[in-house]
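A quick write-up on the structure given underneath.
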Amino acid sequence: MPRIQDSIIRQYGTRVRLFAQSHYIEGFEEPETVWLSPPAGSVGPGPSDDRMYVVDPIGKEPYEFPYLPPFLGPVHPPVLPDPEGHLDYLAVDTRDFIATHMYGGIRRTLDIWEGYFGRRIDWQFERRFERLELVPLLDWDNAQSGFGFIETGFGPSQAGEEQLFGLNFDVLAHELGHAIVFAEVGHDEATVTGEYLGFQEAMGDVIALISAMHFESVLDRTLASSEGNLYSLNESNRIGELSNVAQVRTASNSRKLSEFAGGWSDPHFLAQPLVGAIFDCLVDVYQERLLQSRLIDPELRRLSEVLALEELADGIVQERFAEAYHGHHDAFKGALIEARDHIGDCLVFLLTRTSPHFLRYADVGDTWIAADRALSGGRHGDDFQENFRWRDIGRTTVGPQLDQQETAEEPHDH
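Note that this note's numbering has the sequence shown beginning at 52, numbered continuously upward.
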């Protein structure tokens with residue numbers, strides 16, 4: 052499928068600065084220059100373009116049905132591009148930068164996924180609202196994507212830092228991920244299942260993961276910090292990263308769907324088996340490319356998979372990955388980019404062939420296997436099937452929704 056045309060965007064697009072990860076993480080303290088697809092000079096006050104606009108309200112409460120955009124109350128002055136039409140001139144410690152960062156993060160994510168889809172993604176709400184409303188700073192410890200809007204607040208992380216969610220690219224990409232699912236899959240309250248709600252959160256996480264991997268710095272630091280072993284904790288598997296020691300959710304996890312046979316209380320946790328299965332597929336494609344290029348041998352690949360599935364600790368695997376990786380960074384990076392893009396293509400296949408009605412993870416798994424068969428001739432079919440089987444997807448039934456107090460212990464991140 053067509054990819055985002057970065058070379059063309061860099062020639063004609065609009066510059067903005069974005070944090071690739073939370074700026075509390077070492078190595079990501081400064082924002083990076085990114086090019087957005089709207090041509091320089093086409094971005095209006097807000098910032099705004101033909102698909103979205105930022106409004107920065109004064110004293111607004113979070114949207115809650117039946118209240119919907121547009122916001123008509125008092126607002127802070129809109130951000131203006133510089134005389135050449137760019138947005139990369141703003142100081143980081145300003146309110147205007149927060150508004151611009153939210154616009155840039157959402158717009159960049161949309162550019163990436165329209166590149167994977169090879170077409171425009173039409174908003175679910177377009178019959179009522181022409182554009183998506185972005186609200187960058189509420190006095191609210193949360194972020195949400197709703198009918199015609201995305202809005203973010205702020206709150207303390209587990210490490211104690213005050214986090215502005217509008218400055219967190221993973222959070223922004225996750226919320227736009229919901230909008231993409233609403234647009235491509237749809238939503239029907241009459242037929243919604245718990246697994247549909249978990250699917251929504253899982254897709255938000257995976258879309259954020261793949262989007263973050265379009266930053267060169269994230270790819271480089273992922274490989275350097277893991278020495279090529281993606282099953283070690285690194286930038287690629289931190290979703291909604293909030294600090295060096297705490298993250299909202301992780302893509303590399305050990306959750307199985309059978310843990311929810313007795314019921315579930317939070318769709319974010321119910322999402323984890325599906326997120327984990329797709330992350331394992333990413334690693335399988337990546338390692339298959341490394342094996343094909345003779346950068347690792349079959350025994351190392353087998354050992355790394357066994358250790359990941361059984362959660363064993365063995366320094367020998369890490370040592371062997373380090374030996375293979377050092378001196379071959381560019382080749383490892385190329386394999387990771389190929390894996391990223393194959394998973395991105397599989398997601399497009401999945402999202403365009405999934406029904407929101409009575410959704411079950413078993414059907415999602417079948418469609419995922421069909422995606423690989425259609426896109427690669429089934430090159431990774433056995434590995435992908437094993438990933439879903441290991442998570443008990445297709446082999447267990449999820450129980451009913453429970454009240455929080457009925458749940459003895461929520462699954463934990465690791």
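Cβ atoms here follow ideal geometry from the backbone N, Cα and C, with glycine treated the same way.
In this text, all values refer to a predicted model and were calculated from it rather than measured experimentally.
- In this structure, residue 261 keeps its C-beta atom at 8 Å or more from the C-beta atom of residue 430.
- Following the DSSP letters along the chain, one finds residue 267 in no beta strand (DSSP E) but inside the alpha helix (DSSP H) bounded by residues 267–277.
- Proximity of the region 249–263 to the region 398–415 meets the contact definition, three or more beta-carbon pairs being nearer than 8 Å.
- Distance from the CA atom of residue 267 to the CA atom of residue 128, rounded to whole angstroms, is 33 Å.
- Nearest to residue 108 by alpha-carbon distance, out of 311, 389, 203 and 84, is 203.
- Residues of the same chain with a CB within less than 7 Å of the CB of residue 119, apart from the 5 flanking positions on each side, are 198 and 199 in chain order.
- The DSSP-derived three-state label of residue 103 is strand.
- For residue 447, there is no enclosing beta strand (DSSP E), since its DSSP letter is neither H nor E.
- Taken in chain order, the complete beta strand (DSSP E) segments of 3 or more residues contained in the region 200–270 are 200–203, 205–207 and 213–215.
- The distance from the Cβ of residue 68 to that of residue 82 is about 4 Å, consistent with a contact at the 8 Å cut-off.
- Annotated three-state conformation of residue 87 is strand, per DSSP.
- Boundaries of the alpha helix (DSSP H) around residue 424: 412–427.
- Here residue 59 is exposed: its Cβ has fewer than 16 other Cβ atoms, across all protein chains shown, within 10 Å.
- As a beta-bridge residue in DSSP terms, residue 68 pairs with 84.
- The straight-line gap separating the alpha-carbon atoms of residue 424 and residue 99 is approximately 40 Å.
- Judged by beta-carbon spacing, residue 111 lies beyond the 8 Å limit of residue 222, meaning their Cβ atoms are not closer than that value.
- By the CB criterion at 8 Å, residue 439 and residue 445 fall inside the cutoff.
- Non-local beta-carbon contacts of residue 239 in its own chain, meaning distances under 7 Å to residues more than five positions away in sequence, involve 407 and 408 in chain order.
- In its chain, beyond the 5 residues on either side, no residue has a beta carbon closer than 6 Å to the beta carbon of residue 117.
- Rounded to the nearest whole angstrom, the CA to CA distance from residue 94 to residue 291 is 27 Å.
- With respect to the C-alpha of residue 146, the residue from 302, 335, 188 and 230 having the closest C-alpha is 188.
- A check of alpha carbon separations from residue 441 across 369, 410, 420 and 328 identifies 328 as the nearest.
- Taking C-beta atoms under 8 Å as the contact rule, residue 161 and residue 218 fail to qualify, at a distance of about 18 Å.
- In this model, residue 311 and residue 301 are separated by some 18 Å (Cα to Cα).
- Residue environment analysis places residue 280 among the buried positions, since at least 16 neighbouring C-beta atoms fall within 10 angstroms of its C-beta.
- The alpha-carbon of residue 426 is positioned some 20 Å away from that of residue 413.
- In the DSSP assignment, residue 185 falls within the beta strand (DSSP E) that extends over 183–186.
- No residue range can be given for residue 305, since it is assigned to no alpha helix (DSSP H) and is classified by DSSP as neither H nor E.
- Contact between residue 220 and residue 263 holds, with the beta-carbon distance rounding to 6 Å and staying under 8 Å.
- Apart from sequence neighbours up to five positions away, the residues of its chain that approach residue 172 with a beta-carbon distance below 8 Å are 161, 164, 165, 231, 234 and 235, ordered along the chain.
- Take residue 249, set aside five residues on each side of it, and the residues of its chain with a beta-carbon closer than 7 Å to its own are 318, 321, 322 and 325, in chain order.
- Within the DSSP secondary-structure output, residue 316 pairs in no beta bridge.
- The continuous alpha helix (DSSP H) containing residue 58 extends over residues 57–63.
- Of 97, 175 and 252, the smallest CA-CA separation from residue 148 is found for 97.
- Counting the other CB atoms within 10 Å of its CB gives residue 373 a total below 16, which places it among the exposed residues.
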